[in-house]
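Enquirer: If you count the sequence shown from 1, position 173 lands on 173 in this note's numbering, and the numbers rise without skipping. One structure coming up, written as structure tokens, with questions to follow.
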Amino acid sequence: LAMVATYGLAVLVGVYLVAVGGAPILVVGLSSIAAGVLYTGGPYPYGYRGLGDLFVFVYFGVVAVTGTFYVQAVVSGDFALFPTWVPDGALPLATVVASLPAAGVSTAILVVNNIRDRETDAAAGKRTLAVLLGYTWSRVEFLLLVGMAYVVPVVFALDPAYGLPALAPLASLPLAASVSKTVLERTDGEALNPALERVGQTLFAHSLLFAIGLAVPAVELPALTVAVVI
């Protein structure tokens, strides 16, 4: 019942978004609903076949961020009513790149969850990616996902259009490092349950700081250096 109510609410909100964003949002909305239902439902739930991480990366990160940007771009820009495809300029490549940190840290939450549950999932026949990869490679996956979240701001900072403020998410690095240490050392619920919360906090802090960093006026590194020296 809760799932039906949730998806019903999503459909109501989606009607407005489709009216604004056109066919691309319709495709995204329908595929998101299907992906959510089939994650653990249906005869072949892909969440138990090693594909859950990919789903979270795509829909909780890339689609969530780029879809949000796209709708706002269409509303504020001079685009045709109910576009049948993504109009030129409505979804720049920089937006896709900017979605990668949210995608990575969102997926890292699932990785921690699956590391914690690896033994019970394997016993139940649930072949999550952690079951398939084992503890060592699952931890490598976790580090790569979290690490990517801190490489992307550096890439943006090197672009004069964004500059130094794009490095704001690095302020959340101590939190990410702390929880990474726990994930590398422990597999039990006593340690990883709090770790799940801390990865969620990392996602919130990183996303907020990144949004602020991209929104404020650019400050180039050389200009800042001169100001500090003076």
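From the three backbone atoms N, C-alpha and C, an ideal C-beta is built for every residue, glycine too. Please read these numbers as outputs of a predicted model, since none were measured by experiment.
1) Mapping DSSP to helix, strand and coil, what is G163?
2) So is K126 buried or exposed if we call it buried at 16+ other beta carbons inside 10 Å?
3) Just to confirm the assignment, what range does the alpha helix (DSSP H) spanning P169 have?
4) Go ahead and label F57 buried or exposed: buried means 16 or more other beta carbons lie within 10 angstroms of its beta carbon, across all protein chains shown.
5) For the stretch 39–54 against the stretch 83–97, are there 3 or more C-beta pairs whose distance is under 8 Å?
6) Between A90, I115, N114, W137, which has its C-alpha nearest T68's C-alpha?
7) Does the distance from the C-beta atom of G50 to that of R116 stay below 9 Å?
8) CA-CA distance, V71 and A122?
9) Taking the alpha carbon of G61 as the point to measure from, which residue in A103, G134, V146, L192 has its own alpha carbon closest?
10) Note down, in chain order, each residue of its chain lying with its Cβ closer than 6 Å to the Cβ of V226, except the 5 sequence neighbours on either side.
11) Starting from R127, follow its DSSP beta bridges and name the residues at the other end.
12) Below 8 Å on the Cβ atoms is my contact criterion, and I expect S32 with Y59 to pass it. Report the Cβ-Cβ distance as a whole number of Å.
13) Using the Cα positions of V11 and G147, report the straight-line distance between them to the nearest angstrom.
14) Does the pairing of the stretch 129–146 with the stretch 154–168 give three or more beta-carbon distances under 8 Å?
Expert: Reading it off the structure:
1) strand
2) buried
3) Per DSSP, P169 belongs to no alpha helix (DSSP H) and is neither H nor E.
4) buried
5) no
6) A90
7) no
8) 41 Å
9) A103
10) Its pLDDT being 38, under 50, V226 is placed unreliably by the model, and the measurement read from it follows with that caveat. Hits under 6 Å: none found.
11) R49
12) 6 Å
13) 35 Å
14) no
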